[in-house]
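Below is one structure; the comments refer to it alone.
Residue numbers (the numbering used here), protein chains in the order written: chain A, 1 to 300; chain B, 1 to 295.
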């Protein structure tokens, strides 16, 4: 701290060369600060990603070992197998239903929170955040207990003269689990979009004799579109690749993409096919995301 | 918002009813889980009488305690590393321009978008192939264990830390840093006295998110853990697949309490940091902070 910094600004004239040198030094510094992350992500993300791609063309020995020769497209050919397609379609439809249900429930909910006073709003937001931060596995386990044959849901149903509920181990149970797990992913971006909204535009629409519904459809809804797009992607993607939820709440005959991929690695020991499946899922997600962003941009 | 009578009143009431239902949906399962963890019965859904029996069994269960210890080691170590690297990444991406920045930007977002099953598959193959090569080239024998879990957790936590910290950096004006430099602060002083205090809530938020993600993860951990290195969620996941027991309820409640504490700390941090941030936004206070007390 004893060293006095040189007073560059008083003596040295600023020449273009000096400025360029300073810029170069600045961008080098920026690169060096980002370098550890760069190196880490290349080693533990980019290279593994490339490896999965390479493995998807490899072949499998009779003992289940992956052989990195005899490159072929067999794993990709198996993707159009009716059994695999069925699992794929089932996962896709379930993820789509999850997204729609989350959107329908969350929009009025986020709208309600965003239109409260600042104090109430913050309390309600924290109440949404708490389950969001709570352990996902624990929250899924809670539904396994509730939906079980002698669980609370069944007890309530029987108390009202209904039958014993048989929801656990069905696609409905997975749907409930997915909606429960990913609902906050939809609420938070929707809230952010609605809270930012310029309400004067809605008032202007009302002044021009739009009724409440028309003002909502023509002004509020389009303006909150970024939130709808972001929320839908945030719910759809993890739903499509879900593993924990179907493993706990789903049955043996409701295999989804997530468990099917895991099975290829931990049980069936068919790594090349598992790799091809992973890539197919990533591809569908990428397509869905691009499609959604396009659609969202068009409405705006 | 006027809450009068007429159609607006009805809409408002429907919105309120929906909100109440959503909150019940969000909280009822958690509350039931907590209540039944204090139940003295072997069945998870039939109430007999309150007891701490399952908590006693949990603390005596060597497997649970070992898994808990592993989880804490993994979460703490991966969070420390991911927070340092992730914060540096955020500063680098948000404050500098250089060649390759766009690539790094994209690379930093991918681990967030990619589903955890895919991430798990990638890292499983990576470690398997990597260990194979180490053995073939250098004769070093390595196996999976806590170290592979930590390396894997860092890989997905860096991106989340960076996103949270970036949001915070974008909020404040780089003029504050320039002002510090004009007052003859060195780069390190500027970072220590201006940048770091301003982004502290973001760094804390990122670190807490990283802790939560690490303590939550089942899929990636299951794929990269070796024999005898299970974490608590992986252990519980294994138990749940075999059936429900009140012991799982007790462990679940401990995990829930841990998340609640993390949320509490995170909220506290945000509040404390805002006042500090406001103080720094005042130029006179800024000068005082950098140069010490005025002469």
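For glycine and all other residues, C-beta sits at the position ideal for the given N, C-alpha and C.
(request) Return yes when the Cβ of residue 244 of chain A is within less than 8 angstroms of the Cβ of residue 140 of chain A, no when it is not. (result) yes
(message) For residue 42 of chain B, count the other beta carbons within 10 Å of its own beta carbon; 16 or more makes it buried, fewer makes it exposed. Which is it?
(response) exposed
(request) Tell whether a beta-carbon distance below 8 angstroms holds between residue 250 of chain B and residue 37 of chain B. (result) yes
(message) Can you tell me whether residue 1 of chain B is helix, strand or coil according to DSSP?
(response) Confidence at residue 1 of chain B is low in this model, with a pLDDT of 44, below 50, so the placement of that residue should be treated as unreliable; the coordinate-derived value is given next. Coil.
(message) Please identify, using Cβ separations under 9 angstroms, the residues of the stretch 153-170 of chain B that lie next to chain A, in order along the chain.
(response) 154, 155, 156, 158, 159, 162
(request) Under 9 angstroms between beta-carbons, which chain B residues line up against residue 163 of chain A? List them in chain order, please. (result) Under the 9 angstroms cutoff, chain B gives no residues; its nearest Cβ is about 17 angstroms from residue 163 of chain A.
(request) Please check if any C-beta of chain A sits within less than 8 angstroms of the C-beta of residue 149 of chain B. (result) no
(message) Using DSSP's beta-bridge definition, name the partner residues of residue 39 of chain B.
(response) In DSSP, residue 39 of chain B forms a bridge with B:50.
(request) Closer than 6 angstroms by C-beta to residue 14 of chain B: which residues in its own chain qualify, once you throw out the five before and the five after it? Chain order, please. (result) none
(message) Need the endpoints of the alpha helix (DSSP H) that residue 243 of chain A sits in, please.
(response) Taken as a continuous stretch (DSSP letters only), residue 243 of chain A belongs to no alpha helix (DSSP H), as it is neither H nor E.
(request) Determine the direct distance from the alpha carbon of residue 191 of chain B to that of residue 27 of chain A, and round the result to whole angstroms. (result) 17 angstroms
(message) Nearest by alpha-carbon distance to residue 34 of chain B: which of A:108, A:110, A:145, A:117 is it?
(response) The residue with the shortest Cα to Cα distance from residue 34 of chain B is A:145.
(request) Quick one: measure Cβ to Cβ for residue 239 of chain A and residue 94 of chain A, integer angstroms, because I've assumed they're closer than 8 angstroms. (result) The Cβ separation is near 7 angstroms, so the contact holds.
(request) Select from the stretch 118-129 of chain A all residues with a C-beta closer than 8 angstroms to any C-beta belonging to chain B, and list them in chain order. (result) 124, 126, 127, 128, 129
(message) Determine, for residue 194 of chain A, whether the minimum Cβ-Cβ distance to residues of chain B falls below 8 angstroms.
(response) no
(request) Could you confirm whether any beta carbon from chain A is found closer than 8 angstroms to the beta carbon of residue 10 of chain B? (result) Residue 10 of chain B is outside the set of residues whose beta carbon lies under 8 angstroms from a beta carbon in chain A.
(message) Please list, in chain order, the chain A residues whose beta carbon lies closer than 7 angstroms to that of residue 92 of chain B.
(response) 30, 33, 34
(message) I need the DSSP call for residue 103 of chain B, collapsed to helix, strand or coil.
(response) helix
(message) To the nearest angstrom, how far is the alpha carbon of residue 137 of chain B from that of residue 128 of chain B?
(response) Going from the Cα of residue 137 of chain B to the Cα of residue 128 of chain B covers about 14 angstroms.
(message) Can you give me the C-alpha to C-alpha distance between residue 277 of chain A and residue 59 of chain B, rounded to a whole angstrom?
(response) 41 angstroms
(request) Return the CA-CA distance between residue 47 of chain A and residue 273 of chain A, expressed in angstroms with no decimal places. (result) 19 angstroms
(request) Mind listing the chain D neighbours of residue 142 of chain A? Cutoff is C-beta to C-beta under 7 angstroms, in chain order. (result) Annotation note: the requested chain D is absent from the structure, which comprises protein chains A and B.
(request) For the stretch 13-25 of chain B, enumerate the residues whose C-beta is nearer than 8 angstroms to any C-beta of chain A, in chain order. (result) 14, 15, 16, 18, 19, 22, 23, 25
(message) Output needed for residue 149 of chain A: all residues of its chain with C-beta closer than 8 angstroms, excluding positions within five of it in sequence on either side, in chain order.
(response) 164, 165, 166, 168
(request) Would you tell me roughly how many angstroms separate the C-alpha atoms of residue 49 of chain A and residue 208 of chain A, rounded to the nearest one? (result) 55 angstroms
(request) Would you kindly report the start and end of the unbroken alpha helix (DSSP H) that includes residue 167 of chain B? (result) 146-171
(message) Could you tell me the alpha carbon to alpha carbon distance between residue 179 of chain B and residue 198 of chain B, rounded to whole angstroms?
(response) 14 angstroms
(request) May I have the straight-line CA-CA distance separating residue 188 of chain A from residue 131 of chain B, to the nearest angstrom? (result) So the alpha carbons of these two residues sit roughly 42 angstroms apart.
(message) Strictly below 8 angstroms CB to CB, what residues from chain B border residue 152 of chain A?
(response) 32, 45
(message) Between which residues of its own chain and residue 153 of chain A is the CB-CB distance below 6 angstroms, once the five residues before and five after are set aside?
(response) 146, 147, 165
(message) Quick check for students: name the residue ranges of the alpha helix (DSSP H) that lie wholly in the stretch 197-238 of chain B, counting only runs of 4 or more.
(response) 219-224
(request) Answer with yes or no whether the minimum CB distance from residue 136 of chain A to chain B is below 8 angstroms. (result) Proximity of residue 136 of chain A to chain B, defined by a Cβ-Cβ separation below 8 angstroms, is satisfied.
(message) Taking the alpha helix (DSSP H) that residue 71 of chain A belongs to, which residues open and close that run?
(response) From DSSP, residue 71 of chain A is part of no alpha helix (DSSP H); its letter is neither H nor E.
(request) Closer than 6 angstroms by C-beta to residue 111 of chain B: which residues in its own chain qualify, once you throw out the five before and the five after it? Chain order, please. (result) 156, 159
(request) With a threshold of 16 other CB atoms inside 10 Å of the CB of residue 178 of chain A, please say whether the residue is buried or exposed. (result) buried
(request) Would you mind reading off the limits of the alpha helix (DSSP H) that contains residue 33 of chain A? (result) Secondary structure note for residue 33 of chain A: its alpha helix (DSSP H) is the uninterrupted segment 16-41.
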